[in-house]
(Lines of atoms letter the chains of each structure in order from A and count residues from 1; the text may use other names and numbers.)
(Lines give C-alpha, C1' and ligand atoms only; values in the text may rest on other atoms or scores of the structure.)
Protein backbone atom coordinates (compact mmCIF):
# COMPACT_ATOMS: atom_id res chain seq x y z
CA UNK A 1 0.00 0.00 0.00
CA UNK A 2 1.40 3.39 -0.95
CA UNK A 3 0.59 6.82 0.37
CA UNK A 4 -0.96 7.84 -2.95
CA UNK A 5 -3.24 4.79 -3.03
CA UNK A 6 -4.32 5.48 0.54
CA UNK A 7 -5.12 9.11 -0.31
CA UNK A 8 -7.35 7.91 -3.15
CA UNK A 9 -9.18 5.67 -0.72
CA UNK A 10 -9.40 8.42 1.91
CA UNK A 11 -11.35 10.71 -0.39
CA UNK A 12 -13.83 7.90 -1.13
CA UNK A 13 -14.60 7.10 2.52
CA UNK A 14 -17.67 9.34 2.49
CA UNK A 15 -19.35 12.12 0.53
CA UNK A 16 -18.82 15.69 1.72
CA UNK A 17 -20.41 17.37 -1.28
CA UNK A 18 -21.82 20.78 -0.40
CA UNK A 19 -20.10 20.91 2.99
CA UNK A 20 -17.62 23.47 4.32
CA UNK A 21 -14.68 22.42 6.50
CA UNK A 22 -12.11 24.37 8.49
CA UNK A 23 -8.97 22.49 9.47
CA UNK A 24 -6.31 23.84 11.83
CA UNK A 25 -2.64 22.95 11.51
CA UNK A 26 -3.29 21.87 7.93
CA UNK A 27 0.00 22.79 6.29
CA UNK A 28 1.58 19.36 6.66
CA UNK A 29 1.12 15.88 8.05
CA UNK A 30 -2.28 14.69 9.27
CA UNK A 31 -3.92 18.10 8.88
CA UNK A 32 -2.80 18.38 5.28
CA UNK A 33 -4.03 14.88 4.45
CA UNK A 34 -7.42 15.62 6.02
CA UNK A 35 -7.70 18.86 4.05
CA UNK A 36 -6.86 17.27 0.70
CA UNK A 37 -9.05 14.21 1.28
CA UNK A 38 -12.03 16.29 2.40
CA UNK A 39 -11.69 18.58 -0.61
CA UNK A 40 -11.52 15.58 -2.94
CA UNK A 41 -14.63 14.23 -1.21
CA UNK A 42 -16.49 17.40 -2.20
CA UNK A 43 -16.01 19.87 0.66
CA UNK A 44 -14.88 23.48 0.38
CA UNK A 45 -11.89 23.55 2.73
CA UNK A 46 -10.44 26.46 4.71
CA UNK A 47 -6.83 25.51 5.36
CA UNK A 48 -5.28 27.26 8.35
CA UNK A 49 -1.80 27.68 9.77
CA UNK A 50 0.26 30.21 11.70
CA UNK A 51 2.25 31.75 8.84
CA UNK A 52 0.92 34.65 6.82
CA UNK A 53 0.68 32.76 3.52
CA UNK A 54 1.32 29.14 4.40
CA UNK A 55 4.16 27.19 2.87
CA UNK A 56 4.54 23.83 4.65
CA UNK A 57 7.57 24.97 6.62
CA UNK A 58 7.71 21.83 8.74
CA UNK A 59 7.71 19.65 5.62
CA UNK A 60 10.54 21.66 4.12
CA UNK A 61 12.58 21.56 7.33
CA UNK A 62 12.20 17.79 7.44
CA UNK A 63 13.51 17.52 3.86
CA UNK A 64 10.28 16.01 2.57
CA UNK A 65 9.83 18.44 -0.33
CA UNK A 66 13.10 17.63 -2.06
CA UNK A 67 13.73 19.49 -5.26
CA UNK A 68 11.12 22.12 -4.49
CA UNK A 69 12.16 25.72 -4.05
CA UNK A 70 10.61 27.72 -1.23
CA UNK A 71 7.39 29.25 -2.50
CA UNK A 72 4.87 31.69 -1.18
CA UNK A 73 1.41 30.36 -0.62
CA UNK A 74 -0.05 27.21 0.81
CA UNK A 75 1.26 23.85 -0.36
CA UNK A 76 -1.96 22.27 0.90
CA UNK A 77 -4.15 24.59 -1.12
CA UNK A 78 -2.05 23.86 -4.21
CA UNK A 79 -2.61 20.13 -3.72
CA UNK A 80 -6.35 20.72 -3.30
CA UNK A 81 -6.60 22.82 -6.44
CA UNK A 82 -4.40 20.46 -8.45
CA UNK A 83 -6.95 17.75 -7.61
CA UNK A 84 -9.79 19.99 -8.81
CA UNK A 85 -10.99 20.86 -5.31
CA UNK A 86 -12.00 24.08 -3.59
CA UNK A 87 -9.62 25.39 -0.92
CA UNK A 88 -8.22 28.60 0.48
CA UNK A 89 -5.64 29.49 3.10
CA UNK A 90 -6.26 31.51 6.25
CA UNK A 91 -3.73 32.53 8.89
CA UNK A 92 -4.95 31.28 12.26
CA UNK A 93 -3.09 30.87 15.55
CA UNK A 94 -5.42 28.60 17.51
CA UNK A 95 -4.39 30.15 20.84
CA UNK A 96 -5.36 33.68 19.75
CA UNK A 97 -9.06 34.39 20.28
CA UNK A 98 -9.13 37.31 17.83
CA UNK A 99 -7.88 34.97 15.09
CA UNK A 100 -10.84 32.68 15.73
CA UNK A 101 -13.25 35.61 15.63
CA UNK A 102 -11.85 36.72 12.27
CA UNK A 103 -11.95 33.17 10.92
CA UNK A 104 -15.61 32.71 11.77
CA UNK A 105 -16.52 36.06 10.23
CA UNK A 106 -14.72 35.08 7.03
CA UNK A 107 -16.36 31.64 6.89
CA UNK A 108 -19.79 33.11 7.58
CA UNK A 109 -19.47 35.82 4.97
CA UNK A 110 -17.89 33.70 2.26
CA UNK A 111 -19.70 30.38 2.68
CA UNK A 112 -22.65 31.08 4.95
CA UNK A 113 -22.11 27.81 6.83
CA UNK A 114 -19.60 25.58 8.59
CA UNK A 115 -20.23 21.84 8.59
CA UNK A 116 -16.89 20.46 9.77
CA UNK A 117 -14.31 21.73 12.24
CA UNK A 118 -11.11 19.70 12.54
CA UNK A 119 -9.05 20.80 15.54
CA UNK A 120 -5.78 19.28 14.39
CA UNK A 121 -3.18 21.86 15.46
CA UNK A 122 -1.17 20.63 18.42
CA UNK A 123 2.27 19.69 19.65
CA UNK A 124 4.02 17.40 22.08
CA UNK A 125 7.11 17.78 24.21
CA UNK A 126 8.23 17.81 27.78
CA UNK A 127 9.82 14.79 29.43
CA UNK A 128 9.77 12.99 32.78
CA UNK A 129 7.62 14.68 35.40
CA UNK A 130 10.55 15.84 37.54
CA UNK A 131 12.18 17.46 34.50
CA UNK A 132 9.09 19.21 33.14
CA UNK A 133 8.74 22.94 33.74
CA UNK A 134 5.45 24.64 34.43
CA UNK A 135 6.00 26.77 31.32
CA UNK A 136 6.17 23.62 29.19
CA UNK A 137 3.02 22.20 30.76
CA UNK A 138 1.12 25.45 30.27
CA UNK A 139 2.29 25.79 26.66
CA UNK A 140 1.01 22.31 25.81
CA UNK A 141 -2.26 22.95 27.62
CA UNK A 142 -2.76 26.17 25.66
CA UNK A 143 -2.12 24.54 22.31
CA UNK A 144 -3.85 21.20 22.86
CA UNK A 145 -6.77 22.30 25.06
CA UNK A 146 -7.25 26.04 24.72
CA UNK A 147 -7.00 25.83 20.92
CA UNK A 148 -9.83 23.29 20.49
CA UNK A 149 -11.85 25.05 23.21
CA UNK A 150 -11.65 28.41 21.41
CA UNK A 151 -12.35 26.75 18.07
CA UNK A 152 -15.48 25.02 19.26
CA UNK A 153 -16.88 27.96 21.18
CA UNK A 154 -16.44 30.39 18.28
CA UNK A 155 -17.56 27.90 15.61
CA UNK A 156 -20.57 26.71 17.61
CA UNK A 157 -23.16 29.14 16.15
CA UNK A 158 -22.30 28.12 12.58
CA UNK A 159 -22.09 24.45 13.54
CA UNK A 160 -25.55 24.68 15.11
CA UNK A 161 -27.03 25.99 11.88
CA UNK A 162 -25.46 23.17 9.87
CA UNK A 163 -25.86 20.43 12.49
CA UNK A 164 -22.16 20.00 11.99
CA UNK A 165 -19.35 17.83 13.31
CA UNK A 166 -16.17 18.51 15.27
CA UNK A 167 -13.18 16.19 15.00
CA UNK A 168 -10.60 16.76 17.73
CA UNK A 169 -7.23 15.22 16.87
CA UNK A 170 -5.96 13.57 20.03
CA UNK A 171 -3.44 10.77 20.69
CA UNK A 172 -3.12 7.44 22.40
CA UNK A 173 -1.22 9.38 25.05
CA UNK A 174 -4.46 11.14 25.96
CA UNK A 175 -5.98 7.80 26.94
CA UNK A 176 -3.19 5.97 28.71
CA UNK A 177 -0.24 8.31 29.26
CA UNK A 178 3.18 7.87 27.73
CA UNK A 179 6.59 6.83 28.97
CA UNK A 180 8.93 9.67 29.84
CA UNK A 181 6.29 12.34 29.43
CA UNK A 182 3.86 14.11 31.69
CA UNK A 183 2.77 17.39 30.13
CA UNK A 184 1.67 16.03 26.75
CA UNK A 185 -0.62 13.22 27.98
CA UNK A 186 -1.97 15.61 30.61
CA UNK A 187 -2.97 18.06 27.90
CA UNK A 188 -4.39 15.39 25.60
CA UNK A 189 -6.29 13.82 28.49
CA UNK A 190 -7.88 17.19 29.18
CA UNK A 191 -8.71 17.51 25.49
CA UNK A 192 -10.49 14.15 25.63
CA UNK A 193 -12.64 15.34 28.53
CA UNK A 194 -13.42 18.51 26.61
CA UNK A 195 -14.49 16.49 23.57
CA UNK A 196 -16.87 14.31 25.59
CA UNK A 197 -18.40 17.31 27.35
CA UNK A 198 -18.87 19.10 24.01
CA UNK A 199 -20.53 15.99 22.55
CA UNK A 200 -23.08 16.03 25.36
CA UNK A 201 -23.72 19.76 24.91
CA UNK A 202 -23.97 19.35 21.15
CA UNK A 203 -26.71 16.76 21.14
CA UNK A 204 -29.40 19.44 21.59
CA UNK A 205 -28.41 21.02 18.29
CA UNK A 206 -27.35 17.95 16.36
CA UNK A 207 -23.63 18.77 16.65
CA UNK A 208 -21.45 15.67 16.72
CA UNK A 209 -18.06 15.76 18.49
CA UNK A 210 -15.56 12.92 18.12
CA UNK A 211 -12.06 12.42 19.54
CA UNK A 212 -9.60 10.82 17.09
CA UNK A 213 -6.56 8.99 18.51
CA UNK A 214 -3.86 8.19 15.93
CA UNK A 215 -0.97 6.00 16.96
CA UNK A 216 2.51 6.33 15.48
CA UNK A 217 2.01 8.15 12.18
CA UNK A 218 4.53 9.25 9.55
CA UNK A 219 4.52 13.06 9.54
CA UNK A 220 7.20 15.68 8.84
CA UNK A 221 7.40 16.54 12.52
CA UNK A 222 7.85 12.91 13.54
CA UNK A 223 10.46 12.34 10.83
CA UNK A 224 12.44 15.34 12.03
CA UNK A 225 12.15 14.49 15.72
CA UNK A 226 13.19 10.83 15.31
CA UNK A 227 15.71 11.28 12.55
CA UNK A 228 14.02 9.17 9.86
CA UNK A 229 15.45 9.89 6.43
CA UNK A 230 12.65 8.23 4.46
CA UNK A 231 9.31 6.48 4.66
CA UNK A 232 10.97 3.14 3.93
CA UNK A 233 13.26 3.53 6.93
CA UNK A 234 10.27 4.39 9.11
CA UNK A 235 8.37 1.32 7.89
CA UNK A 236 11.32 -1.00 8.41
CA UNK A 237 12.11 0.19 11.92
CA UNK A 238 8.47 0.12 12.99
CA UNK A 239 7.96 -3.41 11.67
CA UNK A 240 11.09 -4.58 13.48
CA UNK A 241 9.78 -3.23 16.78
CA UNK A 242 6.64 -5.45 16.69
CA UNK A 243 4.81 -2.70 18.59
CA UNK A 244 1.82 -2.61 16.22
CA UNK A 245 -0.34 -5.77 16.04
CA UNK A 246 -1.34 -5.13 12.41
CA UNK A 247 2.34 -4.73 11.53
CA UNK A 248 2.36 -1.52 9.53
CA UNK A 249 2.25 1.98 11.04
CA UNK A 250 -0.14 4.66 9.82
CA UNK A 251 0.34 7.39 7.28
CA UNK A 252 -1.57 10.69 7.41
CA UNK A 253 -4.01 9.50 4.74
CA UNK A 254 -5.05 6.57 6.95
CA UNK A 255 -6.20 9.10 9.53
CA UNK A 256 -7.77 11.25 6.81
CA UNK A 257 -9.91 8.31 5.62
CA UNK A 258 -11.42 7.98 9.09
CA UNK A 259 -11.91 11.75 9.29
CA UNK A 260 -13.76 11.86 5.96
CA UNK A 261 -16.09 9.06 6.99
CA UNK A 262 -16.85 10.49 10.44
CA UNK A 263 -17.47 13.95 8.96
CA UNK A 264 -19.92 12.55 6.42
CA UNK A 265 -23.64 11.95 6.85
CA UNK A 266 -22.93 8.21 6.74
CA UNK A 267 -21.69 8.59 10.35
CA UNK A 268 -24.64 10.70 11.50
CA UNK A 269 -25.24 8.39 14.48
CA UNK A 270 -21.67 8.65 15.80
CA UNK A 271 -20.71 11.14 18.52
CA UNK A 272 -18.95 11.29 21.86
CA UNK A 273 -16.57 8.43 21.08
CA UNK A 274 -12.81 7.84 21.19
CA UNK A 275 -11.74 6.50 17.78
CA UNK A 276 -8.32 4.84 17.74
CA UNK A 277 -6.28 4.61 14.52
CA UNK A 278 -3.26 2.75 15.84
CA UNK A 279 -3.12 -0.69 14.22
CA UNK A 280 -4.36 -2.31 17.41
CA UNK A 281 -1.74 -0.88 19.76
CA UNK A 282 -4.38 0.32 22.23
CA UNK A 283 -5.78 -3.20 22.51
CA UNK A 284 -2.58 -4.46 24.09
CA UNK A 285 -1.72 -1.41 26.21
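Numbering (the numbering used here), first residue to last: 8 to 292. Ideal placement from N, C-alpha and C gives every residue a C-beta, glycine not left out. Owing to the predicted nature of the structure, the values given are computational and were not obtained by experimental measurement.
7 angstroms or more divides the Cβ of residue 110 from the Cβ of residue 152.
Counted as a single uninterrupted DSSP element, the beta strand (DSSP E) harbouring residue 55 occupies residues 51 to 56. Secondary structure note for residue 189: it is in no alpha helix (DSSP H), with a DSSP letter that is neither H nor E. Comparing alpha carbon positions, the residue from 116, 177 and 87 closest to residue 44 is 87.
About 5 angstroms separates the beta carbons of residue 54 and residue 42, which is inside the 8 angstroms limit, making them a contact pair. Residue nearest to residue 185 within the set 264, 131, 217 and 201 is 131 (criterion: CA-CA distance).
Under the criterion of beta carbons closer than 8 angstroms, residue 32 and residue 179 do not qualify as touching, at roughly 18 angstroms.
Bridge pairing for residue 281: 218 [DSSP]. Burial is judged here by how many other beta carbons sit within 10 angstroms of a residue's own beta carbon; residue 116 has fewer than 16 and is exposed.
In the DSSP secondary-structure assignment, residue 224 is bridged to 257. With a cutoff of 7 angstroms on beta-carbon distance, residue 159 and residue 219 are scored as not near each other. A direct Cα-to-Cα measurement between residue 214 and residue 38 gives close to 21 angstroms.
The straight-line gap separating the alpha-carbon atoms of residue 206 and residue 266 is approximately 16 angstroms. Checking the DSSP bridge columns, you'll see residue 28 partnered with 52 and 123.
Taking C-beta separations shorter than 6 angstroms and ignoring five residues to either side along the sequence, residue 276 has no partners in its chain.
In the DSSP assignment, residue 172 falls within the beta strand (DSSP E) that extends over 172 to 176. The three-state reading of DSSP puts residue 18 in helix, counting H, G and I together. In summary, residue 105 is exposed, with fewer than 16 beta-carbon neighbours lying within 10 Å of its beta-carbon over all protein chains present. The residues 221, 222, 223, 224, 225, 284, 285 and 286, in chain order, have a CB closer than 8 angstroms to that of residue 257 in the same chain once the five nearest residues on each side in sequence are set aside. In this structure, DSSP gives residue 59 a state outside helix and strand, which the three-state scheme calls coil.
Just so you know, the alpha carbons of residue 146 and residue 155 end up roughly 14 angstroms apart.
Sixteen is the threshold: since fewer than 16 other Cβ atoms of the shown chains lie within 10 Å of the Cβ of residue 59, the residue is exposed. Straight-line measurement puts the Cα of residue 50 at about 14 angstroms from the Cα of residue 96. Within 10 angstroms of the beta-carbon of residue 24 lie fewer than 16 other beta-carbons, which makes it exposed. Taking 8 angstroms as the upper bound for CB-CB distance, residue 92 and residue 270 are not in contact here, some 15 angstroms apart. Residue 18 counts as buried, since no fewer than 16 other beta carbons sit within 10 angstroms of its beta carbon. Apart from the 5 residues on each side of it in sequence, residue 190 sits with its Cβ closer than 6 angstroms to the Cβ of 133, 139, 143, 144 and 147 in its chain, given in chain order.
For residue 112, the number of other beta carbons within 10 angstroms of its own is below 16, and it is reported as exposed. Under the DSSP assignment, residue 104 falls in the alpha helix (DSSP H) whose first and last residues are 104 to 118. DSSP, read as helix, strand or coil, puts residue 93 in strand.
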